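Protein sequence lines, in the order shown, are assigned to chains D and S.
Using the UniProt record's numbering, the first residue of the first sequence is number 1, and each one after it goes up by one.
Using the UniProt record's numbering, the first residue of the second sequence is number 1, and each one after it goes up by one.
Think of the CB as a built atom: it goes at the ideal place given N, C-alpha and C, for glycine as much as any other residue.
These numbers were taken from a predicted model, which means no experiment stands behind them.
Quick notes on the structure that follows.
There are 2 protein chains.
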Amino acid sequence: MPKIVDHVQRRAELAHAVWRVIQRDGIEHASVRTVAAESGWSTGALRHYFPTSDALLGFAMELCFDWIAERLNRLRAEQAARPAGTTSSFQRIRELAHIVLPLDDQRLLNARVLMSFMPRSLVHEALHEQERRGTGMLRMAFTEVFEVAERAGELVPGARADRQARQLLALLDGLNTHHLLAPRDYPVSELVELVDAQLRATFAAQPEVQSG
Amino acid sequence: MPKIVDHVQRRAELAHAVWRVIQRDGIEHASVRTVAAESGWSTGALRHYFPTSDALLGFAMELCFDWIAERLNRLRAEQAARPAGTTSSFQRIRELAHIVLPLDDQRLLNARVLMSFMPRSLVHEALHEQERRGTGMLRMAFTEVFEVAERAGELVPGARADRQARQLLALLDGLNTHHLLAPRDYPVSELVELVDAQLRATFAAQPEVQSG
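So this is what it looks like as structure tokens:
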């Protein structure tokens with residue numbers, strides 16, 4: 001079905017154009033007009049699919065969360081394929097956390113674009129709902145694994161799965177923000193270590209951490 | 001010197017107009033024109049002081065960090081006035097952290113405005129420098145108190161002052177972001193408790209936490 005492939009491809013190209021404008025000039029410059037210029041589409045053609053800049057931005061944010069969902073699904077499939085008992089909850093949560101750390105270009109772009117959307121999500125209802133769905137997906141993924149650890153008695157006394165998920169999610173977003181603003185103060189290696197430190201403080205027993 | 005008082009007063013009024021526009025419509029709508037309309041100034045008069053929207057935003061961000069600096073100085077004076085040995089490092093850092101949590105209207109406004117500035121700071125050099133100075137001020141304040149605790153052997157094995165300061169700063173920014181986006185998932189009381197949990201994980205001995 002080449003038509004569908006085309007459609008998916010063209011949407012991705014468009015999203016990349018939105019992201020380039022956001023990265024280079026800031027989200028306040030991402031309009032139907034500037035993205036049309038960036039992507040080589042005519043303003044009319046673009047406006048046919050996305051009548052407003054907010055619709056266009058909503059689409060670009062959605063694709064970011066789609067990427068996260070894809071990485072999440074891929075990781076879950078990988079983890080499920082491992083022999084039972086070979087991956088600790090500590091390790092599973094660590095791998096989950098790495099889905100949203102800027103460990104490669106795609107994740108760095110993800111972090112940057114999602115951070116750019118945060119303030120706009122405060123004042124635009126549709127973007128806010130989208131942001132909530134994406135964040136909810138991540139929070140649920142973290143909570144599920146923390147719940148396994150909690151039921152197994154692996155967490156330090158008093159640690160509750162849902163609260164640990166919220167703590168970790170806030171830390172990850174804060175770390176990403178600081179990395180983007182000051183990569184030398186918060187290099188990627190430091191982000192990984194600070195997340196490890198947070199997990200070590202949450203788990204009663206300290207498993208060997210596998211690299212990756 | 002009524003003239004200086006007037007000047008300070010008018011600057012504050014102007015900053016409030018900028019913040020109102022940011023809070024209501026989003027930072028992308030904060031221009032010389034919209035802020036002039038909001039504040040009752042003429043566009044020409046406003047442009048005399050702030051030739052560009054970025055200059056105007058820089059001024060509004062500066063005032064946010066000024067507020068933080070004022071709260072910091074007030075807290076340091078208060079802490080210095082207490083009898084020696086009555087305030088633990090744990091308590092000092094906790095009080096410092098509360099300077100940037102949304103515990104009253106002014107701090108909530110602070111958190112919201114500073115979050116709105118983050119993405120813009122990524123693409124505007126002058127705003128980025130300002131953001132760096134403000135964040136540097138906070139990081140230094142946290143590091144200083146963590147260093148006192150580190151020298152006194154109060155931190156858990158392996159904890160280093162500078163790293164703990166960075167960890168806490170990232171957590172605070174992440175918590176503020178999530179509170180703004182979802183105050184019901186991250187109520188202020190939960191923010192306070194998550195910070196306490198982080199501090200308890202960092203300090204070897206667990207002092208009684210004083211309310212406030």
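Whose Cβ in chain S lies nearer than 8 Å to the Cβ of residue 167(D)? Those within 8 Å of residue 167(D) in chain S are 171, 194, 197, 198.
Is the number of C-beta pairs between the region 169-178 of chain D and the region 95-104 of chain D that are closer than 8 Å three or more? Contact holds: three or more Cβ-Cβ distances are below 8 Å.
Find the residues of chain D that neighbour residue 180(S), judging by a C-beta separation of less than 7 Å, and give them in chain order. Going along chain D in sequence order, the residues near residue 180(S) (Cβ under 7 Å) are 122.
Residue 201(S) and residue 155(S) look like a contact to me (Cβ under 8 Å); what is the Cβ gap, rounded to whole Å? Residue 201(S) to residue 155(S), Cβ: 10 Å. No contact.
Let me know if residue 206(D) comes out buried or exposed under the rule of 16 or more other beta-carbons within 10 Å of its beta-carbon. Under this definition residue 206(D) is an exposed residue.
Would you verify that the beta carbon of residue 71(S) is, or is not, closer than 8 Å to some beta carbon of chain D? Interface flag for residue 71(S) against chain D is unset, since no Cβ pair is found closer than 8 Å.
If you scan the UniProt DNA-binding region "H-T-H motif" (31-50) of chain S from start to end, which runs of the alpha helix (DSSP H) of 4 or more residues do you find wholly inside it? DSSP runs (the alpha helix (DSSP H)) wholly in the UniProt DNA-binding region "H-T-H motif" (31-50) of chain S: 32-39, 43-49.
Identify the contact partners of residue 49(S) in chain D, using a Cβ-Cβ distance below 9 Å as the criterion. By Cβ distance, chain D contributes nothing, its closest Cβ being about 22 Å from residue 49(S), past 9 Å.
Which of the three DSSP states is assigned to residue 103(D) in this structure? In the structure shown, the three-state DSSP call for residue 103(D) is coil.
With three or more C-beta pairs closer than 8 Å as the rule, is the region 49-69 of chain D touching the region 103-120 of chain D? Counting Cβ pairs under 8 Å, three or more are found: they touch.
Assuming residue 134(S) is part of the alpha helix (DSSP H), what are its boundary residues? Run containing residue 134(S): 125-151, per the alpha helix (DSSP H) assignment.
Is the region 175-186 of chain S touching the region 83-98 of chain S, taking contact as three or more C-beta pairs under 8 Å? In short, these stretches do not touch, since the Cβ pair count stays below three.
Separation of residue 83(D) from residue 95(S), as counted between CA atoms: The straight-line gap from Cα to Cα measures roughly 48 Å.
Assess contact between the region 9-29 of chain S and the region 120-127 of chain D, defined as three or more Cβ pairs (one per stretch) separated by less than 8 Å. Is contact present? Verdict: yes, contact present.
Find out if the Cβ-Cβ distance for the pair residue 119(S), residue 119(D) is shorter than 8 Å. Yes; because the gap between Cβ atoms is below 8 Å, this pair is in contact.
Give me the subset of the region 107-132 of chain D whose CB atoms are less than 9 Å from a CB atom of chain S, sorted by chain position. Cβ proximity to chain S below 9 Å picks out 112, 115, 116, 117, 118, 119, 120, 121, 122, 123, 124, 128, 131, 132 from the region 107-132 of chain D.
Please confirm whether residue 177(D) has its beta-carbon closer than 8 Å to some beta-carbon of chain S. Closer than 8 Å to some Cβ of chain S, the Cβ of residue 177(D) qualifies, so yes.
Alpha helix (DSSP H) containing residue 68(S): first to last residue? Per DSSP, the continuous alpha helix (DSSP H) segment holding residue 68(S) begins and ends at 53-81.
Collapsed DSSP secondary structure at residue 1(D) in the structure displayed: Because residue 1(D) sits at a pLDDT of 47, beneath the cut-off of 50, its placement in the model cannot be relied upon, and the point is left open.
Using a C-beta to C-beta distance shorter than 8 Å, which residues of chain S count as neighbours of residue 27(D)? Within 8 Å Cβ-Cβ: 28, 119.
When the Cα atoms are used, what is the spatial distance from residue 16(S) to residue 104(S)? If you take the alpha carbons of residue 16(S) and residue 104(S), they lie about 16 Å apart.
Do residue 176(D) and residue 115(D) have their C-beta atoms within less than 8 Å of each other? A contact, by the Cβ cut-off of 8 Å.
Alpha carbon of residue 152(D) to alpha carbon of residue 194(D), nearest angstrom: CA-to-CA, the gap between residue 152(D) and residue 194(D) works out to about 24 Å.
Mind listing the chain C neighbours of residue 174(S)? Cutoff is C-beta to C-beta under 8 Å, in chain order. Considering every chain present, this structure includes no chain C. Its protein chains are D and S.
Within the 8 Å Cβ cut-off, does residue 152(S) reach chain D? No - not a single Cβ of chain D is within 8 Å of the one on residue 152(S).
Would you say residue 15(S) reaches chain D, if we count a Cβ-Cβ gap shorter than 8 Å as a contact? Not a single C-beta of chain D is nearer than 8 Å to the C-beta of residue 15(S).
Considering only DSSP beta bridges, list what residue 203(D) is partnered with. DSSP lists 155(D) as partners of residue 203(D).
On the DSSP letters alone, give me the boundaries of the alpha helix (DSSP H) that residue 89(D) sits inside. Under the DSSP assignment, residue 89(D) falls in the alpha helix (DSSP H) whose first and last residues are 89-98.
Neighbour list for residue 201(D) in chain S, Cβ cutoff strictly below 7 Å: Within chain S, the residues near residue 201(D) are 201.
In terms of residue numbering, what span does the alpha helix (DSSP H) encompassing residue 177(D) cover? Counting along the chain, the alpha helix (DSSP H) containing residue 177(D) begins and ends at 161-181.
Collapsed DSSP secondary structure at residue 189(D) in the structure displayed: Residue 189(D): helix per DSSP, three-state reduction.
Considering only the beta carbon of each residue, do residue 61(D) and residue 130(D) sit closer than 8 Å? Contact: yes.
Given this structure, state the Cα-to-Cα distance separating residue 191(S) from residue 37(D), to the nearest angstrom. Whole-angstrom Cα-Cα distance: 43 Å.
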